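Note sheet for the following structure.
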Amino acid sequence: MVRFNALWRDQKGGTTMTTILDGKRTSNALMADLQTEVSALKKQGVTPGLAVVLVGNDPASAIYVRNKQRRADQLGIHSVMRTLPSTAMQAEVLAVVAELNADESIDGILVQLPLPKQVDPDAVVAAINPAKDVDGFHANNVGRLWENNPGVVASTPFGIMALLKHYGIEVAGKRAVIIGRSNIVGRPMAALLLNVDATVTITHSKTRDLFAVTREADILVVAIGRAKFVTADAVKPGAVVIDVGMDRDAAGKLVGDVDFDSVSKVASAITPVPGGVGPMTIAALMIQTVELAKRHHHG
Ligand SMILES: NC(=O)C1=CN([C@@H]2O[C@H](COP(=O)(O)OP(=O)(O)OC[C@H]3O[C@@H](n4cnc5c(N)ncnc54)[C@H](OP(=O)(O)O)[C@@H]3O)[C@@H](O)[C@H]2O)C=CC1
Ligand SMILES: Nc1nc(=O)c2c([nH]1)NC[C@@H]1CN(c3ccc(C(=O)N[C@@H](CCC(=O)O)C(=O)O)cc3)C=[N+]21
């Protein structure tokens, strides 16, 4: 069921309900379907295997690691965690990746980003077997995405696309604006939206008059890493607003990059934090781990 909260005023001055895009509920629904698939695979003697490599102590990574472990356990996905200290050298990280590449019980490998500064993320990502690259970060998989060929894609953008689809939000022909150009969110998000015929603009810290650009958006995806950065004056009335941020406010509470209270009054649909993009990212990771396991065992 669609949940509503505020009323927003449309361009003709009428009032309309705002849809809260509930990532938690949507994720639970997708995981119920995936459970059937995992159970069927297990009957054939195949247990999907996921390995997570965590180096150091990034706070957003800590949340991610905890929640995906819980979901993997629930589904019966074999999940292993390799933790290295923040002082680990690049060679140690590469050695762990090599070991997981060779491990037959592992279908998907995910290296948590960011990595400590002495470790080059490009070198680590390049070392992952592209067939086990469940995050879709390897250049082979990034290339396939931009060529609009099927393959694994970054979990967060994949999860966002699944959420839009679940709520029946049309993308073709729409103006999509993304704030942020990271390899893990902004860039793959742009490619996925482009592949379904949105007109896409990517903005970043050097963008001039940022809010003039974001006000053009029918679909606005925000992945910056600054608490409540996007306020109502950045948003066109009726826009769909997707908040990727995992930030802390002054009181230490988990909040997004979007000021939910003001923006939910102008948006037609908006994701909350928590309970929006985060759970969809986990769902996407589980779906793609199972997909890789199927490819691995059945070709
Ligand atoms: N819910 C989830 O599943 C996930 C949540 N996250 C969260 O999303 C947020 C973003 O993550 P990530 O993409 O990895 O972050 P990065 O730090 O890698 O990228 C941030 C981007 O935001 C841009 N930016 C920074 N400040 C501004 C500004 N003032 N105006 C416009 N653009 C700006 C940067 O621009 P420039 O390139 O010019 O520096 C950069 O492109 C974080 O809070 C992170 O924790 C991340 C991944 C998954
Ligand atoms: N290689 C890599 N891939 C990533 O996708 C990746 C990463 N590294 N590094 C860190 C960021 C961050 N990230 C999150 C995913 C889910 C939640 C999540 O579950 N959020 C819940 C939080 C609920 C709670 O408080 O527990 C929610 O929003 O509802 C958070 C953060 C993925 N990232």
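First residue of the sequence shown: 1, per UniProt numbering; consecutive thereafter. Where a beta carbon is used, it is the ideal one built from N, C-alpha and C, also for glycine. All of these numbers come straight from a predicted model, not from anything done at the bench.
Asked, Found
"Does MET89 come out as helix, strand or coil in the three-state DSSP assignment?", "coil"
"Excluding sequence positions up to five away, which residues of its chain have a Cβ less than 8 Å from the Cβ of LEU210?", "ILE179, THR203 and ALA234"
"Tell me the rounded alpha-carbon separation between VAL290 and ASN141.", "17 Å"
"I'd like to confirm something about ARG66: is its beta-carbon nearer than 8 Å to some heavy atom of ligand 2, or not?", "yes"
"If you follow the beta strand (DSSP E) that VAL111 is part of, which residue opens it and which one closes it?", "108 to 111"
"Could you confirm whether any beta carbon from chain B is found closer than 9 Å to the beta carbon of LEU193?", "No chain B appears in the structure shown, which is made up of a single protein chain."
"Determine, using beta carbons only, whether VAL258 and GLY159 come nearer to each other than 9 Å.", "no"
"Judging by CA-CA distance, which residue of ALA269, LYS228, GLY143 and TRP146 is the nearest neighbour of VAL255?", "LYS228"
"Considering only the alpha carbon of each residue, which of ASP247, ILE169, ALA91 and LEU220 lies closest to LYS236?", "LEU220"
"Evaluate SER27 with the Cβ neighbour count: other Cβ atoms within 10 Å of its Cβ, from every protein chain shown; 16 or more gives buried, anything less gives exposed.", "buried"
"Pick from ALA139, SER86, GLN288 and ASP107: whose alpha carbon is nearest that of LYS132?", "ASP107"
"Which residue comes first and which comes last in the beta strand (DSSP E) that contains LEU84?", "78 to 84"
"Kindly confirm or deny that the segment 15 to 29 and the segment 75 to 88 touch, where touching means at least three C-beta pairs closer than 8 Å.", "no"
"If I measure Cβ to Cβ from MET1 and keep anything under 6 Å in the same chain, skipping five residues before and after, which residues do I get?", "Unreliable positioning characterises MET1 in this predicted model, as indicated by a pLDDT of 47, which lies under 50. A coordinate reading is not provided."
"Alpha carbon to alpha carbon, what distance is there between ASP103 and LYS294?", "16 Å"
"Taking a contact to mean a Cβ-Cβ separation below 9 Å, would you say VAL52 touches SER86 in this structure?", "no"
"Rounded to whole angstroms, what's the CA-CA distance from PRO121 to THR156? Just pull it up for me.", "18 Å"
"Is ASP135 a contact residue of ligand 1, with contact defined as CB to any heavy atom under 8 Å?", "no"
"Does the Cβ-Cβ distance between LEU267 and VAL244 come in under 9 Å?", "The residue asked about is misnamed: residue 267 is Ala in this sequence, not Leu. The answer is no: Cβ separation not under 9 Å."
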